[in-house]
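Numbering (the numbering used here), first residue to last: 864 to 1260.
A virtual CB, placed ideally from N, CA and C, is assigned to each residue, including glycine.
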Ligand code: GDP
Ligand code: MN
């Protein structure tokens, strides 16, 4: 689960991280009051979307020379004007894709005077099963670009969970960034509290780009991107309440309400499968036969007819879907329940694309009978290979 920059900053500030004062604004008429509560002399207006690269992004139908999603202004009035200009418009960045994201909130922040910008991230390093630090002097830039062109400028290390965070970790960050004097102490302290926040809140990633040294010589968190482990959200009602559903893929959102493991993808073949392993195998074999999956969907072990109906509706609601492959190996999941769900969903929403169904396992004969007696135009498949071949052929001709 992702949260907005202003929410991430408030969370990190509650652990003691240095951030600028700021106000989130949802309605244009509140922008002036919000800006007037900040000191200046610079007011920064920042689009709040769950995507990075806002500064270098552009608004759809932008005027000539119009700035992107991060704007530096010199007065309360100017800040309020820029906030009004951004709200409700669509911002396109290299992370949003060409469709962009609608800006429903802006954050007005007391501008910082920047001496230098750095890159810092904490993440779960799956290779070592530890929390890792990624540090670079090349802040405020595309870290992917730095990694590709000048990988030597990125320093990585992980923290042994048995000892946890130690001051030497912070010194290593400080040394990498070339910090001196008071900044080294600030860095040791800041890295420690970030590590604490990361572990306590079950974060998946915490990216600060840029971490800055101000003209006054102090470290400050100028941008913050945080994502949390979705499987741990139930432990953190405070984090769950920060969820902004308008930022999520509507199909993924609907799926989460029915406890379906669904991830939208770019391809043309909708998949309904039980079990994550079989779902991945199904995606692989679709690719093998020359097509692309439109989604990953694991309906789970004990899915009900209602859940299956909902899953089917989510798949058919995707205009990119040109064909559907239902691939069920019934163990705990019964084939007749799947069949009932599919039939009931088709009755409700109709079927405009080819549908291939492969059922195997518990109650397979009952399942096949339900499909056959439904009068639906279904292509039956005997096994996974047969199913994949048939759906790809049906879609690609
Ligand atoms: P992003 O483009 O989505 O990563 O948004 P950031 O919050 O990282 O802002 C992009 C850039 O805007 C930063 O790298 C800074 O150079 C600049 N910026 C953001 N906030 C301030 C500020 O308070 N003062 C100044 N001088 N520049 C800022
Ligand atoms: Mn940034």
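Output the distance between the C-alpha atoms of residue i and residue j, rounded to the nearest integer angstrom.
i, j, result
"residue 1252", "residue 1185", "15 Å"
"residue 1154", "residue 1131", "7 Å"
"residue 1204", "residue 1169", "6 Å"
"residue 1017", "residue 1049", "21 Å"
"residue 1080", "residue 929", "32 Å"
"residue 1221", "residue 1182", "23 Å"
"residue 960", "residue 1069", "22 Å"
"residue 1241", "residue 1143", "23 Å"
"residue 1110", "residue 1228", "43 Å"
"residue 1030", "residue 984", "17 Å"
"residue 1238", "residue 1232", "11 Å"
"residue 1116", "residue 1172", "16 Å"
"residue 974", "residue 920", "20 Å"
"residue 990", "residue 1010", "18 Å"
"residue 1313", "residue 896", "The requested residue 1313 does not occur in the structure, where the chain is confined to residues 864 to 1260."
"residue 1258", "residue 1156", "12 Å"
"residue 1024", "residue 878", "20 Å"
"residue 885", "residue 1107", "19 Å"
"residue 1002", "residue 1014", "14 Å"
"residue 1054", "residue 1044", "16 Å"
"residue 880", "residue 992", "26 Å"
"residue 1234", "residue 1098", "41 Å"
"residue 1122", "residue 1032", "39 Å"
Helix, strand or coil: how does DSSP classify residue i here?
i, result
"residue 1097", "helix"
"residue 1175", "helix"
"residue 1033", "helix"
"residue 878", "coil"
"residue 1022", "strand"
"residue 1017", "strand"
"residue 1054", "helix"
"residue 1202", "helix"
"residue 1061", "helix"
"residue 887", "strand"
"residue 1048", "helix"
"residue 1038", "helix"
"residue 1105", "coil"
"residue 1078", "coil"
"residue 964", "strand"
"residue 940", "helix"
"residue 1250", "helix"
"residue 1182", "coil"
"residue 1161", "strand"
"residue 949", "helix"
Report the residue from the options whose alpha carbon sits nearest the alpha carbon of residue i.
i, options, result
"residue 887", "873, 881, 879, 1004", "873"
"residue 1067", "1079, 1091, 1073, 1052", "1091"
"residue 1052", "906, 1001, 1073, 1037", "1037"
"residue 997", "937, 1058, 1219, 1200", "1058"
"residue 932", "958, 939, 940", "958"
"residue 1046", "1064, 1245, 1078, 1175", "1078"
"residue 849", "938, 1256, 877", "A query on residue 849 cannot be resolved here, the shown segment of the chain reaching from 864 to 1260 and no further."
"residue 986", "977, 1062, 952, 1002", "1062"
"residue 971", "956, 991, 943", "943"
"residue 1137", "1167, 1116, 1108, 1151", "1167"
"residue 1180", "1209, 1060, 1193", "1209"
"residue 1245", "1235, 1223, 879", "1223"
"residue 1020", "1007, 1039, 1012", "1039"
"residue 1139", "1160, 1226, 1103, 1112", "1160"
"residue 912", "953, 881, 1258, 941", "953"
"residue 940", "904, 967, 968, 918", "904"
"residue 934", "906, 982, 868", "906"
"residue 1004", "1096, 916, 1212, 1175", "916"
"residue 865", "1085, 995, 1094", "1094"
"residue 1133", "1096, 1254, 1196", "1254"
"residue 1175", "1212, 1256, 1129", "1212"
Please indicate yes or no: does the CB of residue i lie closer than 7 Å to some heavy atom of the ligand FAD?
i, result
"residue 883", "No copy of the ligand FAD occurs in the structure displayed; its ligands are the ligand GDP and the ligand MN alone."
Throw me the rounded Cβ distance for the residue i and residue j pair, which I believe falls under 8 Å.
i, j, result
"residue 1261", "residue 936", "With the chain covering 864 to 1260 only, the question about residue 1261 has no answer from this structure."
"residue 964", "residue 927", "In fact, because the Cβ distance is near 23 Å, the residues do not count as touching under 8 Å."
"residue 1126", "residue 1158", "6 Å"
"residue 1087", "residue 1071", "6 Å"
"residue 1178", "residue 1146", "Residue 1178 to residue 1146, Cβ: 14 Å. No contact."
"residue 1089", "residue 871", "4 Å"
"residue 1073", "residue 980", "4 Å"
"residue 1199", "residue 1250", "Not quite, the Cβ-Cβ distance comes to about 18 Å (not below 8 Å), so this is no contact."
"residue 1141", "residue 1192", "6 Å"
"residue 969", "residue 1064", "About 25 Å; that fails the 8 Å criterion."
"residue 1124", "residue 1165", "With a Cβ gap of about 13 Å, residue 1124 and residue 1165 do not count as contacting."
"residue 1247", "residue 1096", "Going by Cβ atoms, the distance from residue 1247 to residue 1096 rounds to 33 Å, so no, they are not a contact pair."
For residue i, would you say it is in contact with chain C, using Cβ-to-Cβ distances shorter than 8 Å as the test?
i, result
"residue 1187", "Looking for chain C here will not work: only one protein chain is present."
Exercise for the section: Count the CB pairs spanning the region 1177–1192 and the region 1201–1218 that are closer than 8 Å, and state whether there are at least three. Expected result: yes
Practice task
Please confirm if the region 889–908 is in contact with the region 940–956, defined as three or more CB-CB distances below 8 Å between the two stretches.
Solution key: yes
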